[in-house]
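Enquirer: In terms of this note's numbering, the sequence shown opens at residue 133 and continues consecutively. This structure is in structure tokens; I'll ask about it shortly.
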Amino acid sequence: MDIKLKLFELALRQKILGKGIKGKSFTPQIVSYAVTRKCNLNCPHCHANAGESEPDELSLREATRAIYEMADLGTEVIIFSGGEPLIRRNFVLKLTEYCSDLGIIPAILTNGTLLNGETIEELKDAGILAIGIPLDFATPQRHDNFRGEFGTFNKAVRAIKACLNAGLMVIVTTMVLSNNFEEIPKLIDLLANIGVEQIVLYDLIQIGRGKNLGNITIDQHQHGKLLDLIYNVQAEKEIF
């Protein structure tokens with residue numbers, strides 16, 4: 133599993149469920165569903181090598197049947213991911229409503245570029261409680277260069293602010309690399325000033341397109357400095 137998605141799940145467990153696995157049951161409390169492999173970006177680190185749709189992506193009928201079975205098992209949260217899930221916007225909205233009707237908490241992990249006021253309100257009305265949006269650099273140009281498209285930084289920040297204003301929980305995901313390590317404190321300050329309370333920091337996993345990036349992961353010394361930073365930030369700000 134993508135480490136970013138796994139950490140996003142853990143953040144949701146902490147913020148929404150506030151508990152571990154019930155009793156001795158191994159019910160899949162949190163399920164991630166990649167609704168499409170298609171994506172409007174071409175990020176160099178993408179573990180899924182996302183780009184074009186798969187020919188056998190689930191239909192609405194197939195997806196609702198699967199969600200019904202998950203509800204029957206006791207699943208409490210479903211995270212819609214991709215690719216970019218909002219490429220199948222109407223599909224996601226219908227599944228979100230279906231989750232809500234079954235008592236499942238729906239969440240979404242998106243790159244944020246397709247989020248606007250209308251879509252955010254539709255997602256909220258359908259029952260979305262939490263949205264994960266990535267931001268990897270504190271400076272627009274460096275973030276845009278990393279994501280491979282001009283304007284992704286501003287779109288992500290606007291989406292984060294709009295989601296917060298709509299009363300949604302926003303969890304920002306940040307890949308920590310050797311080339312953005314020094315920007316992490318500035319990025320945390322930026323997000324704290326916006327009002328973000330939850331940040332997921334994660335390492336590059338070199339699969340998919342990420343295997344072509346070379347050795348840009350942080351070293352042991354930097355990991356130690358990062359842990360110190362997180363400890364100090366938690367003591368000073370209402371974040372993490």
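Backbone N, C-alpha and C fix where the C-beta goes; we use that ideal spot for every residue, glycine too. Since this is a predicted model, take the numbers as computed values, not measurements.
1) Can you tell me whether residue 187 is buried or exposed, with buried defined as 16 or more other CB within 10 angstroms of its CB?
2) Is it true that the CB of residue 301 sits closer than 7 Å to the CB of residue 258?
3) Pull up the CB-CB distance for residue 312 and residue 268, whole angstroms please, since I reckon it's below 8 Å.
4) List, from N- to C-terminal side, the alpha helix (DSSP H) runs of 4 residues or more that fit wholly inside the segment 292-338.
5) Please state the DSSP three-state secondary structure of residue 212.
6) For residue 152, does the three-state DSSP call read helix, strand or coil?
7) As a quick exercise: from 244, 321, 305, pick the residue whose alpha carbon is nearest that of residue 295.
8) Please classify residue 360 as buried or exposed, where buried requires at least 16 other C-beta atoms within 10 Å of its C-beta.
9) Nearest by alpha-carbon distance to residue 297: which of 287, 357, 314, 328 is it?
10) Measure from the alpha carbon of residue 198 to the alpha carbon of each residue in 165, 214, 340, then state which is nearest.
11) So is residue 343 buried or exposed if we call it buried at 16+ other beta carbons inside 10 Å?
12) So what does residue 375 bridge to, in DSSP terms?
13) What is the residue span of the alpha helix (DSSP H) that residue 195 lies within?
14) Count the other C-beta atoms from every protein chain shown that fall within 10 angstroms of the C-beta of residue 235, then say buried if there are 16 or more, exposed otherwise.
15) Let's see if you can read the secondary structure: which residues bound the beta strand (DSSP E) around residue 162?
16) Skipping 5 residues on each side, what residues in its chain have a beta carbon closer than 8 Å to that of residue 286?
17) Given this structure, state the Cα-to-Cα distance separating residue 388 from residue 354, to the nearest angstrom.
18) So, residue 162 versus residue 209, is the Cβ gap smaller than 7 Å?
19) Residue 318 to residue 293, Cα distance in whole Å?
20) How far does the alpha helix (DSSP H) with residue 358 in it extend, from its first residue to its last?
21) Using only the alpha-carbon positions, how far apart do residue 255 and residue 240 sit?
Expert: Checking against the coordinates, here is how it stands:
1) Along the sequence shown, one-based indexing puts residue 187 at 55. Exposed.
2) For the purposes of this step, residue 258 is taken as the residue at position 126 of the sequence shown. For the purposes of this step, residue 301 is taken as the residue at position 169 of the sequence shown. For residue 258 and residue 301, no; Cβs fall outside 7 Å.
3) Numbered from 1 along the sequence shown, position 180 holds the residue referred to as residue 312. Numbered from 1 along the sequence shown, position 136 holds the residue referred to as residue 268. Yes, residue 312 and residue 268 are in contact; Cβ-Cβ is about 6 Å, under 8 Å.
4) Those alpha helix (DSSP H) runs which fall completely within the segment 292-338 and span 4+ residues are 316-326.
5) The residue you call residue 212 lines up with position 80 of the sequence shown. It is a strand residue.
6) Position 20 of the sequence shown, counted from the start, is the residue given in the question as residue 152. Residue placement at residue 152 is poorly supported in this model, since its pLDDT is 49, which falls under 50; the coordinates are not used for a value here.
7) Start at 1 with the first residue of the sequence shown, and residue 295 comes out as number 163. Among 244, 321, 305, the Cα nearest to that of residue 295 belongs to 244.
8) Against the sequence shown, residue 360 aligns to sequence position 228. The residue in question, residue 360, is exposed, as its Cβ has fewer than 16 Cβ neighbours within 10 Å.
9) Looking up residue 297 in the sequence shown gives position 165. Distances from the CA of residue 297 to each of 287, 357, 314, 328 were compared; the closest alpha carbon is that of 328.
10) Mapped onto the sequence shown, residue 198 falls at position 66. Residue 198 has its Cα closest to that of 165, out of 165, 214, 340.
11) Numbered from its first residue, the sequence shown carries residue 343 at position 211. That one is exposed.
12) Because the chain spans 133 through 372 in this model, residue 375 falls outside it and cannot be assessed.
13) The sequence position of residue 195 within the sequence shown is 63, counting from 1. In the DSSP assignment, residue 195 falls within the alpha helix (DSSP H) that extends over 192-205.
14) Translated into positions along the sequence shown, residue 235 becomes position 103. An exposed status is given to residue 235, since fewer than 16 other beta-carbon atoms sit within 10 Å of its beta-carbon.
15) Counting from 1 along the sequence shown, the entry for residue 162 is found at position 30. 162-166 is the extent of the beta strand (DSSP E) around residue 162.
16) Sequence index remark: in the sequence shown, residue 286 carries index 154 (1-based). Taken in chain order, the residues that qualify are 272.
17) Lying outside 133 to 372, the shown extent of the chain, residue 388 is not represented and no answer is given.
18) For the purposes of this step, residue 162 is identified with residue 30 of the sequence shown, where counting begins at 1. For the purposes of this step, residue 209 is identified with residue 77 of the sequence shown, where counting begins at 1. Residue 209 is positioned such that its CB atom lies closer than 7 Å to that of residue 162.
19) As a first step, residue 318 is located in the sequence shown; it is residue number 186 there, counting from the start. As a first step, residue 293 is located in the sequence shown; it is residue number 161 there, counting from the start. Note on geometry: alpha-carbon atoms of residue 318 and residue 293 lie some 17 Å from one another.
20) Residue 358 sits at position 226 when you count from the first residue of the sequence shown. Here the alpha helix (DSSP H) through residue 358 covers 352-368.
21) Locating residue 255 in the sequence shown gives position 123, counting from the first residue. Locating residue 240 in the sequence shown gives position 108, counting from the first residue. Cα to Cα, residue 255 sits roughly 9 Å from residue 240.
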